[in-house]
Amino acid sequence: MSKRFMIAQLDEIKPVPCPCGQARRAFAEEGNTLATMHLTDIWADAKTHYHKKMTEIYLVLEGTGEIELDGERYPVKPMTAIFIRPGCRHRAIGNIKIVNVPIPAFDVEDEYFD
1 MSKRFMIAQL
11 DEIKPVPCPC
21 GQARRAFAEE
31 GNTLATMHLT
41 DIWADAKTHY
51 HKKMTEIYLV
61 LEGTGEIELD
71 GERYPVKPMT
81 AIFIRPGCRH
91 RAIGNIKIVN
101 VPIPAFDVED
111 EYFD
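Counted from 1, the sequence shown has number 26 at position 26 by UniProt numbering; the numbering is strictly sequential.
Here it is in structure tokens:
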């Protein structure tokens with residue numbers, strides 16, 4: 001019987017490139033389609049993108065900057081939370097560290113650029 005839980009040490013996961021900078025993706029395991037959690041370092045050159053199926057919840061941990069959502073910019077700072085629905089074009093501006101919770105689990109095939 002498999003365990004009914006998973007534990008991840010986010011700061012020990014190898015980072016991978018993403019449109020925002022680099023992400024450490026936890027719980028991205030075969031069979032888990034519910035949700036994942038990413039520790040993401042966002043750099044000033046984040047690319048605008050969207051998802052057709054995935055909702056994302058961001059929590060800003062460090063840094064200040066802006067989040068661009070469907071062409072409008074909003075200031076962000078530590079403890080700012082953002083809920084991003086499918087289809088919303090988004091990007092972060094500035095050097096920011098966030099926790100990102102993609103629902104359903106992150107799928108690189110659900111990442112689109114205009």
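Cβ coordinates follow ideal geometry from the N, Cα and C atoms, glycine included. Here the structure is a predicted model, which means the values were calculated and not measured.
**Asked** Exposed or buried, V16, counting other C-beta atoms within 10 Å across all chains shown (16 or more means buried)?
**Response** For this step, residue 16 is matched to residue 16 along the sequence shown. Exposed is the call here.
**Same chain, Cβ closer than 7 Å to D110, neighbours up to 5 away in sequence not counted** = Numbered from 1 along the sequence shown, position 110 holds the residue referred to as residue 110. Taking D110 as the centre and dropping the five residues before and after it, the same chain places the C-beta of H51, K52, K53, M54 closer than 7 Å to its C-beta, in chain order.
**Prompt:** Rounded to a whole number of angstroms, what is the C-alpha to C-alpha distance between I103 and A46?
**Reply:** Locating residue 103 in the sequence shown gives position 103, counting from the first residue. Locating residue 46 in the sequence shown gives position 46, counting from the first residue. One C-alpha to the other measures close to 21 Å.
**Pairwise C-alpha distance: F106 and K3** = The sequence position of residue 3 within the sequence shown is 3, counting from 1. The sequence position of residue 106 within the sequence shown is 106, counting from 1. Near 21 Å, if we compare the C-alpha coordinates of F106 and K3.
**Inter-residue spacing [alpha-carbon to alpha-carbon] between M1 and A28** = For this step, residue 1 is matched to residue 1 along the sequence shown. For this step, residue 28 is matched to residue 28 along the sequence shown. Residue placement at M1 cannot be trusted, given a pLDDT of 48 that sits under 50; what the coordinates show is reported in the next sentence. In this structure, the straight-line span from the alpha carbon of M1 to that of A28 is close to 20 Å.
**Asked** Just reading off the beta strand (DSSP E) that C18 is part of, what are its end residues?
**Response** Counted from its first residue, the sequence shown places residue 18 at position 18. Per DSSP, C18 belongs to the beta strand (DSSP E) from 16-18.
**Item:** Minimum C-alpha distance to D70 - residue among T64, V60, A81, R85
**Value:** One-based indexing of the sequence shown puts residue 70 at position 70. The shortest C-alpha to C-alpha distance from D70 to any of T64, V60, A81, R85 is the one to R85.
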